[in-house]
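Asker:
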Amino acid sequence: DGGITQSPKYLFRKEGQNVTLSCEQNLNHDAMYWYRQDPGQGLRLIYYSQIVNDFQKGDIAEGYSVSREKKESFPLTVTSAQKNPTAFYLCASTGYGNSPLHFGNGTRLTVT
Amino acid sequence: KNQVEQSPQSLIILEGKNCTLQCNYTVSPFSNLRWYKQDTGRGPVSLTIMTFSENTKSNGRYTATLDADTKQSSLHITASQLSDSASYICVVSAVNSGAGSYQLTFGKGTKLSVIP
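Protein chains in written order, with this note's numbering: chain W, 53 to 164; chain S, 15 to 130.
1. From the DSSP output, read off the bridge partner residues of T124(S).
2. Would you list the residues sitting across from D81(S) in a DSSP beta bridge?
3. Mind checking L28(S): buried by the 16 CB within 10 Å criterion, or exposed?
4. In three-state terms, what does DSSP make of L96(S)?
5. Check whether the Cβ atoms of G115(W) and L97(W) sit closer than 8 Å, and answer yes or no.
6. Please classify G149(W) as buried or exposed, where buried requires at least 16 other C-beta atoms within 10 Å of its C-beta.
7. Name the two residues that bound the continuous beta strand (DSSP E) containing D53(S).
8. How far does the beta strand (DSSP E) with T40(S) in it extend, from its first residue to its last?
9. Helix or strand or just coil, what does DSSP make of E124(W)?
10. Write down the C-beta distance between F140(W) and Q89(W) rounded to the nearest angstrom, noting that I regard them as a contact closer than 8 Å.
11. I want to see whether chain W comes within less than 8 Å of I26(S), judged by CB atoms only; does it?
12. Using 8 Å as the limit for Cβ to Cβ distance, is L73(W) near chain S?
13. Which residues in chain W sit within 8 Å of Y116(S), going by Cβ to Cβ distance?
14. Cutting at 8 Å between CB atoms, please list the residues of its own chain near S127(S), excluding the five before and the five after it.
15. At a cut of 8 Å, does the stretch 70-87 of chain W reach the stretch 142-162 of chain W through at least three beta carbon pairs?
16. Would you identify the three-state DSSP class for N105(W), choosing helix, strand or coil?
17. Given a cut-off of 8 Å, decide if L35(S) and Y50(S) are closer than it, judged by their beta-carbon atoms.
18. Just the chain W side, please: which residues come within less than 7 Å of F120(S) by C-beta, in chain order?
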């Protein structure tokens with residue numbers, strides 16, 4: 053089945069540690085996205101990539117980093133510089149034009 | 015600034031009843047509007063897309079409407095089922111003609127609970 057796989061589903065880290073969230077897709081989509089979802093708020097764009105080896109900052113990129121070495125993979129690193137990292141993180145991809153976003157099932161990160 | 019406002023914030027209905035969710039937007043230039051369903055702890059899934067020229071579109075028990083003049087959309091759910099319990103997110107796409115891309119603005123969602 054084609055889709056987007058995010059792992060792990062739950063992640064716990066101590067404050068001050070970097071952590072990397074995995075996102076893999078087998079939909080052959082060029083564009084991939086990372087969103088953050090907090091209670092009572094709409095999804096906010098962290099980073100996006102429209103092609104391999106290229107990515108752009110979204111609205112809330114500070115404290116995060118990404119890489120796009122392969123078309124299928126778009127990992128997100130939450131660094132210690134992110135002031136409030138506890139959240140639900142969603143990865144998405146989309147094909148040509150204005151086709152819908154296909155989302156993974158998210159990673160819930162808790163930093164204490 | 016592009017904005018999408020959804021109402022109500024939350025809604026509880028009895029199984030079998032109908033309900034309507036609202037989405038008002040100030041997004042320009044408008045490309046399309048999508049409704050997504052997000053089950054708890056999972057990613058959103060696209061239900062329907064509305065373009066400028068479309069007034070009504072159905073997907074099973076879900077019917078979306080769009081009034082491009084008043085910049086309002088609604089999602090009507092008929093004969094609700096327990097499995098309809100989820101958050102429903104309205105997402106409006108604006109054309110970024112200079113870059114040939116699209117900018118998405120997300121609503122905060124309406125949390126629907128269907129009870130037996």
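Even glycine gets a Cβ: it sits at the ideal position worked out from N, Cα and C.
As the structure is a computational prediction, the values presented were derived from the model and not from experiment.
Answerer: Let's see:
1. For T124(S), which the question treats as bridged, DSSP gives the partners Y102(S).
2. Paired residues: Q86(S).
3. Label assigned to L28(S): exposed.
4. Of the three classes helix, strand and coil, the one that applies to L96(S) here is helix, per DSSP.
5. No, Cβ-Cβ distance for G115(W) and L97(W) is not below 8 Å.
6. Burial is judged here by how many other beta carbons sit within 10 angstroms of a residue's own beta carbon; G149(W) has fewer than 16 and is exposed.
7. Counted as a single uninterrupted DSSP element, the stretch harbouring D53(S) is not any beta strand (DSSP E), since DSSP gives it neither H nor E.
8. Under the DSSP assignment, T40(S) falls in the beta strand (DSSP E) whose first and last residues are 33-40.
9. The DSSP-derived three-state label of E124(W) is coil.
10. F140(W) to Q89(W), Cβ: 4 Å. Contact.
11. False, the Cβ-Cβ gap to chain W never drops below 8 Å.
12. L73(W) does not count as touching chain S.
13. Under the 8 Å cutoff, chain W gives N150.
14. Taken in chain order, the residues that qualify are S24, L25, I26, I27, S99.
15. Taking one beta carbon from each stretch, the stretch 70-87 of chain W and the stretch 142-162 of chain W have 3 or more pairs nearer than 8 Å; the two touch.
16. Coil.
17. Cβ distance not < 8 Å, so Y50(S) and L35(S) don't count as in contact.
18. Going along chain W in sequence order, the residues near F120(S) (Cβ under 7 Å) are G94, L95.
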